[in-house]
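To convert, note that position 237 of the sequence shown is 380 in the working numbering; the numbers rise steadily by one, no gaps.
Every residue, glycine too, gets a C-beta built ideally from N, C-alpha and C.
These figures come from a predicted structure and were not determined experimentally.
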Amino acid sequence: MAAARVLLSGRPESVSFAQSVCGLLGAGPGLGPWPTYCGLKRGQLVLSDRPFPGASARLPLQRPPFCPFPALDQQPRAPGAELPTNRGVDLAVAVVLQSSDQTVLLTRRTRTLNVSPNLWVPPGGHVEPDEELLDGGLRELWEESGLQLPQGQFFWVPLGLWESAYPPRLSWGLPKYHHIILYLLLISQESQQQLQARIQPNPREVSALMWLGPDVAAAVAATEDGTDTPRHLPQDLPPSVLAVELEENGGARPLVLPTSTLLRTTPATADSKERVSTGTKFALRLWLQHLGSVTPLPCGSGAHSDPGPAREEQNNIHNLYYG
Numbered sequence: 144m145a146a147a148r149v150l151l152s153g154r155p156e157s158v159s160f161a162q163s164v165c166g167l168l169g170a171g172p173g174l175g176p177w178p179t180y181c182g183l184k185r186g187q188l189v190l191s192d193r194p195f196p197g198a199s200a201r202l203p204l205q206r207p208p209f210c211p212f213p214a215l216d217q218q219p220r221a222p223g224a225e226l227p228t229n230r231g232v233d234l235a236v237a238v239v240l241q242s243s244d245q246t247v248l249l250t251r252r253t254r255t256l257n258v259s260p261n262l263w264v265p266p267g268g269h270v271e272p273d274e275e276l277l278d279g280g281l282r283e284l285w286e287e288s289g290l291q292l293p294q295g296q297f298f299w300v301p302l303g304l305w306e307s308a309y310p311p312r313l314s315w316g317l318p319k320y321h322h323i324i325l326y327l328l329l330i331s332q333e334s335q336q337q338l339q340a341r342i343q344p345n346p347r348e349v350s351a352l353m354w355l356g357p358d359v360a361a362a363v364a365a366t367e368d369g370t371d372t373p374r375h376l377p378q379d380l381p382p383s384v385l386a387v388e389l390e391e392n393g394g395a396r397p398l399v400l401p402t403s404t405l406l407r408t409t410p411a412t413a414d415s416k417e418r419v420s421t422g423t424k425f426a427l428r429l430w431l432q433h434l435g436s437v438t439p440l441p442c443g444s445g446a447h448s449d450p451g452p453a454r455e456e457q458n459n460i461h462n463l464y465y466g
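Dropping the structure here:
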């Protein structure tokens, strides 16, 4: 068994691959999110539905309505169809990078990736053993986009937790990957133009990138899987958004992307159509809630050693989400 990455408070063993983390924390039949206490440690995430010693944040935890893990025990499996038994739930971090002019960076994963190809997501990936969660987010941001944020020129706050499976639906096949993704909001003091000028995307992982403003982000975040249109589609929503697409020769070109592409939902059968991931929609909703509502924790001495919010910031998050 690999080293434990996602644990429940009071239990020394990690959560097994086939177990629903949301279910173990008491999630009911609703869509959530469910308030979850977190201990953010080196290379590990400790979770509980109630306060525990070492808890450093209380964050919303959610899963998609079609998450395969709650249904795994209720459906017979075909002969030879087995789930991984030698690992638990993996830990990932994703960076919602906000510019000073209030846009966020999304990247399109390449078509050749084994997991979630052609999806629009924030930069992110696995947290390495013994790596601080913020450090992992900054590393993934640099590896995928080439961006390094100067110390003292950004602020950060943990946004929320997402239970992710791939394939995302049982109708696509048994899950091969199971993650808890911690979304971190990094608020840069630099503008979109300043950040864009320094971006050097990794073509092995990124095929395009764009900066999304609040209006389009709100429409994308309101698009729910199983529906054809967002719940609240603004009348003045632009028909397209401008992105940057990488070329095979290493260059880049402007890409006019239909807004309808970003409003697609996860289909019932497997495909690799371009769309925004369900977890990213969750993160965008949290980002929009934070705009103008939370004073984030400055990055400086102590921020890398303990990526949990300070007590005052913790109270702000409590009040924001749960009154």
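Helix, strand or coil: which one does DSSP assign to residue i?
i	result
Q339	helix
D278	helix
Q206	The sequence shown places Arg at residue 206, not Gln. Coil.
F212	helix
L313	helix
P357	helix
S259	coil
L302	strand
S243	coil
L327	strand
S288	helix
A365	helix
G393	coil
L380	coil
V387	strand
V164	helix
V149	strand
Tell me which residues share the same chain as residue i and place their Cβ nearer than 6 angstroms to its Cβ, disregarding the 5 neighbours each side in the sequence.
i	result
S163	F212 and P213
Q332	S243 and Q296
P401	S383
S350	R251, T253 and L389
A170	W177
L215	A161
S334	S242, S243 and D244
A395	V387 and L389
F425	Q205 and W305
K319	none
F197	Reading the sequence as shown, one finds Gly at residue 197 and not Phe. G182, listed in sequence order.
Are residue i and residue j touching if we call contact CB-CB under 8 angstroms?
i	j	result
R252	S243	no
T246	P266	no
S199	L151	no
C210	A365	no
L234	L188	yes
G186	R148	yes
W263	V419	yes
C165	E306	yes
L226	L355	no
L434	E348	no
N261	E417	yes
Going by beta carbon distance, what residues of the same chain come within less than 8 angstroms of residue i, once the five residues before and after it are set aside?
i	result
W430	V239, Q241, V247, L302, L328 and A360
L470	As shown, the chain starts at 144 and ends at 466. That puts residue 470 outside it, with no answer to give.
D379	D358
P377	D358, A361 and A362
So, for residue i: in the same chain, excluding its five sequence neighbours on each side, which residues have a beta-carbon less than 7 angstroms away from its beta-carbon?
i	result
S159	G231
P194	Y180
L284	V238, L240, P266 and L290
E274	R185 and G186
G422	W305, S307 and I324
L427	A360, V363 and A364
E286	N345
L398	A351, A386, V387 and E388
Practice problem: Evaluate contact between the segment 321 to 329 and the segment 297 to 308, counting only Cβ atoms and requiring at least three cross-stretch pairs below 8 angstroms. | Solution: When C-beta atoms of the segment 321 to 329 are compared with those of the segment 297 to 308, three or more pairs fall below 8 angstroms, so the two segments count as touching.
Quiz item: Is the segment 290 to 298 touching the segment 400 to 413 in the sense that three or more CB pairs, one from each, lie closer than 8 angstroms?
Solution: Touching, no, given that fewer than three Cβ pairs across the two stretches are closer than 8 angstroms.
Exercise. Please confirm if the segment 267 to 274 is in contact with the segment 352 to 365, defined as three or more CB-CB distances below 8 angstroms between the two stretches.
Key: Touching, no.
Exercise. Examine the Cβ distances between the segment 198 to 209 and the segment 172 to 183 and report whether three or more of them are shorter than 8 angstroms.
Key: In this structure the segment 198 to 209 touches the segment 172 to 183; the number of beta carbon pairs closer than 8 angstroms is three or more.
Quiz item: Quick check: the segment 343 to 350 against the segment 306 to 313, are there 3 or more CB pairs under 8 angstroms?
Solution: Three or more Cβ pairs closer than 8 angstroms define a contact, and the segment 343 to 350 falls short of that threshold against the segment 306 to 313.
Self-check item: Contact the segment 278 to 287 vs the segment 408 to 426: 3+ CB pairs below 8 angstroms
Solution: The segment 278 to 287 makes no contact with the segment 408 to 426: fewer than 3 CB pairs, one atom from each, lie closer than 8 angstroms.
Quiz item: Can you list the alpha helix (DSSP H) stretches of 4 or more residues lying completely in the segment 395 to 439, in chain order?
Solution: Fully enclosed alpha helix (DSSP H) runs of 4 or longer: 402 to 405 and 421 to 433.
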